Amino acid sequence: MSCNWGAELWDQFDNLEKHTSWGIDFLERYTKFVKERADIELSYSKQIRSLSKKYHPKRSREDESRYTWCLAFAATLRQLNEVAIQREELAENLNRQIVCELTRYIQELKTERKTHFQDGRRAQQHIESSWKQLESSKRRFERDCKEAERAQHVSDRVDLDNKTDGEKRCSLKARQTAQQKKQAAEESRKEYVTSLNQFNQDQHQHYHTLVPVIYQRIQDMEERRIERIGEAMRLSAEAERKVLPVVKRSLDAMMDAAESIQPRMDTRQVVEVYKSGFDPPGDVEFEDYSTTMRRSISESSYLDNRTEGRRHSRKLWPFIRKNKLLTLLSSPRQPPPPPPTSPSPGGVTNSPQSPPPASKEPITQRLNDLMTSGSRTRKQCLRSLKRGGSSPADCSHLPLEQRRKKLQTRISNISQEIQREREQRDALLKMREVYERSPQMGDASSVEPRLEEVKQSLQRLEDELRRNQAWLSEADSKLSDHSSTRQGGGCGLNSHTTTPGSSSLKQLDNRSPASRESPDGSYTEDHGAELHFKSRSSEFDDDFDDEELLPSIGTCKSLYPFQGQNEGTLSMVEGELLSVVEEDKGDGWTRVRRNLDEEGYVPTSYIKVFLDSSAKGFAQSSRLV
Numbered sequence: 161m162s163c164n165w166g167a168e169l170w171d172q173f174d175n176l177e178k179h180t181s182w183g184i185d186f187l188e189r190y191t192k193f194v195k196e197r198a199d200i201e202l203s204y205s206k207q208i209r210s211l212s213k214k215y216h217p218k219r220s221r222e223d224e225s226r227y228t229w230c231l232a233f234a235a236t237l238r239q240l241n242e243v244a245i246q247r248e249e250l251a252e253n254l255n256r257q258i259v260c261e262l263t264r265y266i267q268e269l270k271t272e273r274k275t276h277f278q279d280g281r282r283a284q285q286h287i288e289s290s291w292k293q294l295e296s297s298k299r300r301f302e303r304d305c306k307e308a309e310r311a312q313h314v315s316d317r318v319d320l321d322n323k324t325d326g327e328k329r330c331s332l333k334a335r336q337t338a339q340q341k342k343q344a345a346e347e348s349r350k351e352y353v354t355s356l357n358q359f360n361q362d363q364h365q366h367y368h369t370l371v372p373v374i375y376q377r378i379q380d381m382e383e384r385r386i387e388r389i390g391e392a393m394r395l396s397a398e399a400e401r402k403v404l405p406v407v408k409r410s411l412d413a414m415m416d417a418a419e420s421i422q423p424r425m426d427t428r429q430v431v432e433v434y435k436s437g438f439d440p441p442g443d444v445e446f447e448d449y450s451t452t453m454r455r456s457i458s459e460s461s462y463l464d465n466r467t468e469g470r471r472h473s474r475k476l477w478p479f480i481r482k483n484k485l486l487t488l489l490s491s492p493r494q495p496p497p498p499p500p501t502s503p504s505p506g507g508v509t510n511s512p513q514s515p516p517p518a519s520k521e522p523i524t525q526r527l528n529d530l531m532t533s534g535s536r537t538r539k540q541c542l543r544s545l546k547r548g549g550s551s552p553a554d555c556s557h558l559p560l561e562q563r564r565k566k567l568q569t570r571i572s573n574i575s576q577e578i579q580r581e582r583e584q585r586d587a588l589l590k591m592r593e594v595y596e597r598s599p600q601m602g603d604a605s606s607v608e609p610r611l612e613e614v615k616q617s618l619q620r621l622e623d624e625l626r627r628n629q630a631w632l633s634e635a636d637s638k639l640s641d642h643s644s645t646r647q648g649g650g651c652g653l654n655s656h657t658t659t660p661g662s663s664s665l666k667q668l669d670n671r672s673p674a675s676r677e678s679p680d681g682s683y684t685e686d687h688g689a690e691l692h693f694k695s696r697s698s699e700f701d702d703d704f705d706d707e708e709l710l711p712s713i714g715t716c717k718s719l720y721p722f723q724g725q726n727e728g729t730l731s732m733v734e735g736e737l738l739s740v741v742e743e744d745k746g747d748g749w750t751r752v753r754r755n756l757d758e759e760g761y762v763p764t765s766y767i768k769v770f771l772d773s774s775a776k777g778f779a780q781s782s783r784l785v
């Protein structure tokens, strides 16, 4: 079947006009559909992105980085965010490749359609005008023919009645009129023939040349429109198919994240996080009340006779805060040594700067100071009271688990400090290089003192890091040995166990009071448990060691060397820069800090303190010296 519109639809000009107009309306409707779909995809991507951001774990929650189910959920949210990105890209491609292009094409299509149908209307008007001219010449020829025929009838009738001279004259006139009418009819006939030939020629040209060409152009335009719709649909599917592999990979990653969840590993991680390293408390000792009555325990008797007090105030290790507090409050506070008269270590005499020796404060006054202050101030007060109770640097006083966690935290803090010092060193090196290139900007030698200080601090931090890493390795090895020994010796331990009461009585009879007494005033089961019990009982020590460091309130520079031989003091060399943590409370001691974890007390007369804005001025002046 022929599909040529010029040949098949030569008489359907109006229907073609309606059809092409409907086709353009359809194209506009499809463009609107794609635009709305792109808006939906964009809105969907924004909502998915907002949802992923809403439920994404915060950086402050460290617990969510330890467990596989939290990591799997975080990975799922990241992949969901990737899906949202792909949906956003799909919406952008739909708008750019389809909506914008179709909108521009619709305008071009409307202009082209208007041109084609204007040409068709002009051709139609021309053939109609030719037809009207033909009809006019035809009617004129018909009229002239009828008039010529009537004139001939009149002339013939007059000739038959020709008798007199007057009638002869009328007959002659009638013949002349009939001759004129006949001649007019002949001219009308010629004009009619010319108009007919012209119309036939125009009609043939219209239906066989003009209309086929115009209709063929309209047909080509319609085919291009339909092809463009198909191309837009193909681009729409292609744009979505491009994002499907990425979406599929995201879904596969979500599946992998779900399969990576390991319940047993998470439960082991809970043990790793919350395990204290303490052993369960042993059996409660038998207290024989059948012997002579003990005297009542008072505050002074508790301090003078600790063995007797422990036996009467026997408690499990989690409940010994009062004993620790009283021991802490009753610790003596020794006065600091006087500063030397010269930097040489040999000349040590009294100086006007030497503070007077501090007298021992009564316990009731210290308790009042503690109870009337806040929780943080209370801990700071306890810190200031604890002159002789500083923990060893390797944290060996803590259980293995607590020691390992403490060392890990310390190593992390030292690493961060090393990174900051390195950045500061690099900045100073760049500054010195700039000063060397452009002396007018500054003196390069002014950077050297500060650079040397940073290098020394960096060297100390690196040594401290290596030392803590060695201690951590030692703690890990001891922890693994302890775990294997504990697993292997569990059965043997149970084989010697009898009823709780009998074992307690046997231990009470076989052990001396000195062996049952631990350093903090509580009973232990054996010598090995005594070492663990000592660290268990130091509840205030855990408060001091595990809480965050106090902020620095200034800096100080040592005027003389000091050897801290007592516990709680800090050794320093002459000219060393330290951070001030706590001012002198009137006892002649100032609390300072070196690096991150070395804290202690130094004599106030041995240092020069720079607080608040003075510290800033000193730091700036030290860079320029």
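The opening position of the sequence shown corresponds to residue 161 in our numbering, with each subsequent residue numbered one higher.
For glycine and all other residues, C-beta sits at the position ideal for the given N, C-alpha and C.
These numbers come from a predicted model, not from an experiment.
So the beta strand (DSSP E) residue i belongs to, where does it begin and stop?
| i | result |
| --- | --- |
| residue 721 | Neither: residue 721 is in no beta strand (DSSP E) and is coded neither H nor E. |
| residue 770 | 767 to 771 |
| residue 256 | Per DSSP, residue 256 belongs to no beta strand (DSSP E) and is neither H nor E. |
| residue 738 | 737 to 742 |
Pick out whichever of the options has its Cα sitting closest to the Cα of residue i.
| i | options | result |
| --- | --- | --- |
| residue 603 | 304, 591, 580 | 591 |
| residue 298 | 579, 729, 359 | 359 |
| residue 757 | 712, 717, 720 | 712 |
| residue 416 | 765, 228, 720 | 228 |
| residue 593 | 614, 606, 436 | 606 |
| residue 243 | 438, 558, 405 | 405 |
| residue 173 | 363, 597, 378, 742 | 378 |
| residue 180 | 336, 418, 381, 574 | 381 |
| residue 306 | 414, 589, 341 | 341 |
| residue 171 | 370, 361, 198 | 370 |
| residue 728 | 740, 177, 735, 751 | 751 |
What's the gap between the Cα of residue i and the Cα of residue j?
| i | j | result |
| --- | --- | --- |
| residue 611 | residue 570 | 25 Å |
| residue 260 | residue 164 | 32 Å |
| residue 344 | residue 296 | 15 Å |
| residue 316 | residue 354 | 32 Å |
| residue 664 | residue 434 | Residue confidence is low: residue 664 scores 37 on pLDDT, short of 50, so the model does not pin down where it sits. Its coordinate-derived value is still stated next. Between residue 664 and residue 434, the C-alpha separation is close to 30 Å. |
| residue 331 | residue 365 | 51 Å |
| residue 436 | residue 562 | 6 Å |
| residue 609 | residue 567 | 32 Å |
| residue 285 | residue 376 | 19 Å |
| residue 192 | residue 185 | 11 Å |
| residue 263 | residue 188 | 8 Å |
| residue 206 | residue 401 | 20 Å |
| residue 240 | residue 212 | 7 Å |
| residue 755 | residue 555 | 17 Å |
| residue 252 | residue 396 | 11 Å |
| residue 318 | residue 283 | 53 Å |
| residue 250 | residue 393 | 14 Å |
| residue 613 | residue 624 | 16 Å |
| residue 194 | residue 248 | 14 Å |
| residue 333 | residue 347 | 21 Å |
| residue 383 | residue 208 | 41 Å |
| residue 367 | residue 273 | 20 Å |
| residue 234 | residue 217 | 7 Å |
Along the chain, where does the alpha helix (DSSP H) that runs through residue i open and close?
| i | result |
| --- | --- |
| residue 760 | From DSSP, residue 760 is part of no alpha helix (DSSP H) but of the beta strand (DSSP E) over 758 to 763. |
| residue 789 | No answer is possible for residue 789: the residues shown for the chain start at 161 and end at 785. |
| residue 594 | 560 to 597 |
| residue 431 | 423 to 434 |
| residue 315 | 260 to 320 |
| residue 751 | Per DSSP, residue 751 belongs to no alpha helix (DSSP H); it is in the beta strand (DSSP E), 749 to 754. |
| residue 209 | 173 to 215 |
| residue 375 | 371 to 419 |
Decide if residue i is buried, meaning its Cβ has at least 16 other Cβ atoms within 10 Å, or exposed.
| i | result |
| --- | --- |
| residue 271 | exposed |
| residue 763 | buried |
| residue 201 | buried |
| residue 276 | buried |
| residue 440 | exposed |
| residue 632 | buried |
| residue 175 | exposed |
| residue 558 | buried |
Assuming residue i and residue j make a contact with CB atoms under 8 Å, what is their CB distance in whole Å?
| i | j | result |
| --- | --- | --- |
| residue 385 | residue 183 | 6 Å |
| residue 716 | residue 730 | That pair is no contact at about 11 Å. |
| residue 564 | residue 636 | 7 Å |
| residue 363 | residue 287 | 6 Å |
| residue 618 | residue 585 | 6 Å |
Let me see if you follow: with CB-CB separation under 9 Å, is residue i close to chain B or not?
| i | result |
| --- | --- |
| residue 286 | Of the protein chains in this structure there is only one, and it is not chain B. |
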